[in-house]
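Protein chains in written order, with the working numbering: chain P, 1 to 69; chain A, 70 to 138; chain G, 139 to 207; chain Y, 208 to 276; chain Z, 277 to 345; chain D, 346 to 414. Beta carbons: idealized from backbone N, C-alpha and C, even for Gly. Note that the coordinates shown come from a computational prediction; the quantities given were computed from them, not determined experimentally.
Protein chains: 6
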Amino acid sequence: MPFVNIKLTREQRPITPEQKAALIKGVTDLLVEIVKRGPKTTVVVIDEIDTDNYGIGGETVTVLRGRGH
Amino acid sequence: MPFVNIKLTREQRPITPEQKAALIKGVTDLLVEIVKRGPKTTVVVIDEIDTDNYGIGGETVTVLRGRGH
Amino acid sequence: MPFVNIKLTREQRPITPEQKAALIKGVTDLLVEIVKRGPKTTVVVIDEIDTDNYGIGGETVTVLRGRGH
Amino acid sequence: MPFVNIKLTREQRPITPEQKAALIKGVTDLLVEIVKRGPKTTVVVIDEIDTDNYGIGGETVTVLRGRGH
Amino acid sequence: MPFVNIKLTREQRPITPEQKAALIKGVTDLLVEIVKRGPKTTVVVIDEIDTDNYGIGGETVTVLRGRGH
Amino acid sequence: MPFVNIKLTREQRPITPEQKAALIKGVTDLLVEIVKRGPKTTVVVIDEIDTDNYGIGGETVTVLRGRGH
Numbered sequence: 001m002p003f004v005n006i007k008l009t010r011e012q013r014p015i016t017p018e019q020k021a022a023l024i025k026g027v028t029d030l031l032v033e034i035v036k037r038g039p040k041t042t043v044v045v046i047d048e049i050d051t052d053n054y055g056i057g058g059e060t061v062t063v064l065r066g067r068g069h
Numbered sequence: 070m071p072f073v074n075i076k077l078t079r080e081q082r083p084i085t086p087e088q089k090a091a092l093i094k095g096v097t098d099l100l101v102e103i104v105k106r107g108p109k110t111t112v113v114v115i116d117e118i119d120t121d122n123y124g125i126g127g128e129t130v131t132v133l134r135g136r137g138h
Numbered sequence: 139m140p141f142v143n144i145k146l147t148r149e150q151r152p153i154t155p156e157q158k159a160a161l162i163k164g165v166t167d168l169l170v171e172i173v174k175r176g177p178k179t180t181v182v183v184i185d186e187i188d189t190d191n192y193g194i195g196g197e198t199v200t201v202l203r204g205r206g207h
Numbered sequence: 208m209p210f211v212n213i214k215l216t217r218e219q220r221p222i223t224p225e226q227k228a229a230l231i232k233g234v235t236d237l238l239v240e241i242v243k244r245g246p247k248t249t250v251v252v253i254d255e256i257d258t259d260n261y262g263i264g265g266e267t268v269t270v271l272r273g274r275g276h
Numbered sequence: 277m278p279f280v281n282i283k284l285t286r287e288q289r290p291i292t293p294e295q296k297a298a299l300i301k302g303v304t305d306l307l308v309e310i311v312k313r314g315p316k317t318t319v320v321v322i323d324e325i326d327t328d329n330y331g332i333g334g335e336t337v338t339v340l341r342g343r344g345h
Numbered sequence: 346m347p348f349v350n351i352k353l354t355r356e357q358r359p360i361t362p363e364q365k366a367a368l369i370k371g372v373t374d375l376l377v378e379i380v381k382r383g384p385k386t387t388v389v390v391i392d393e394i395d396t397d398n399y400g401i402g403g404e405t406v407t408v409l410r411g412r413g414h
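Given below as structure tokens:
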């Protein structure tokens, strides 16, 4: 029954529908396995964020990627 | 004064500006009516999520829609 | 099927379980009525926030309440 | 590098620190495995929500549990 | 180490990458200065929201802007 | 007018009401200065998270603190 929100950057090679489906399945299974919560109403929402809009350590991911991270 | 975030899928027929305005008005009124919170600084944010990015019960809404849900 | 998160302050007279149930029912019904989304997997989460932790216009709600708002 | 927020109810037998650690490890590993995002700055936040404050299908989890769900 | 999510409207003149970088730097510095939390794993995510999807006081920002606010 | 959510851990010496007020004022001012958004309806919500419930790099902050981080 849990709700999960995943935020990650939209990179030059964005994640595929297959990867999204695998993430949703994987997180839902993990919650069943570890906390025994029924999967039927488990909701997972993936937000893809522009690298200009995602900051780590005070810098945008655009800048971090430009430095080769 | 509350803050409300609504996440729903962006379907083939997306919700219209009129529906969004009605949702925002409706939720704001509901909060006044039930919890007596002044509406002036009530903020409502609607996130429209791709069906590939919204999972229920371990499957994406894209897959659920494909099966006729 | 939508997900809704409501954040409001925990005041001296906190909202009751009955008010929470009415909010959850009201928001779920509103989503059915306005955007025709099936209610079965609609999830509503209410976060009650200390007045020290909720700011409007640059001031905490504790301070605003202290001035009679 | 992603950010993950998990919201689940605080039940009579709350989840343990060990379960929380396993969830955090499991989600972080899943993101490495499926989307190849470096784990170092992956952040996972678990919110435990009172059953009065979590609604599914228009009813609080308190009410659903009372009916034996 | 904190996580910060900023939601603001996408206006006719959207905020620039430079403004986003300045926001991310500014918020990260503020957290170091006020709460002494190390900046290395501080994550800031900016969500730009359509004016139709952002409501204040029961009205969308589209409508508020149309009245000259 | 933006909405800001700050999530940080509740440490042995929790942040004080004065620090919370300074954070709320500081973030609101920063948004005025950088993106020229009127402060009147800017909302800032601070969530204090148990160190067991906050994970970085696959480990809880409880464990990281135990190793002297």
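Going by other Cβ atoms of all chains shown within 10 Å of its Cβ, with 16 needed for buried, is residue i buried or exposed?
i, result
"P2(P)", "buried"
"T16(P)", "exposed"
"E266(Y)", "buried"
"G66(P)", "exposed"
Kindly list the residues whose CB is nearer than 6 Å to the CB of residue i, restricted to its own chain and excluding five residues on each side of it in sequence; keep chain order.
i, result
"V406(D)", "T354, T396 and Y399"
"N350(D)", "V390"
"V250(Y)", "F210"
"E225(Y)", "none"
"G206(G)", "none"
Based on the DSSP output, what are the partners of residue i in its beta bridges?
i, result
"V112(A)", "F72(A) and I332(Z)"
"R148(G)", "D188(G)"
Give me, in chain order, the residues of the same chain whose beta-carbon lies closer than 7 Å to that of residue i; leave out the 5 immediate sequence neighbours on both sides.
i, result
"K296(Z)", "I322"
"V170(G)", "P177"
"V27(P)", "V4 and V44"
Kindly list the residues whose CB is nearer than 8 Å to the CB of residue i, restricted to its own chain and excluding five residues on each side of it in sequence; keep chain order.
i, result
"P290(Z)", "E324"
On a Cα-Cα basis, can you pick out the residue from the options that is closest to residue i?
i, options, result
"V104(A)", "K178(G), K145(G) and G196(G)", "K145(G)"
"L64(P)", "G333(Z), K316(Z), G342(Z) and I332(Z)", "K316(Z)"
"I369(D)", "E171(G), E149(G), G195(G) and L169(G)", "G195(G)"
"A229(Y)", "L30(P), G68(P) and R37(P)", "L30(P)"
"E356(D)", "E287(Z), R313(Z) and G344(Z)", "R313(Z)"
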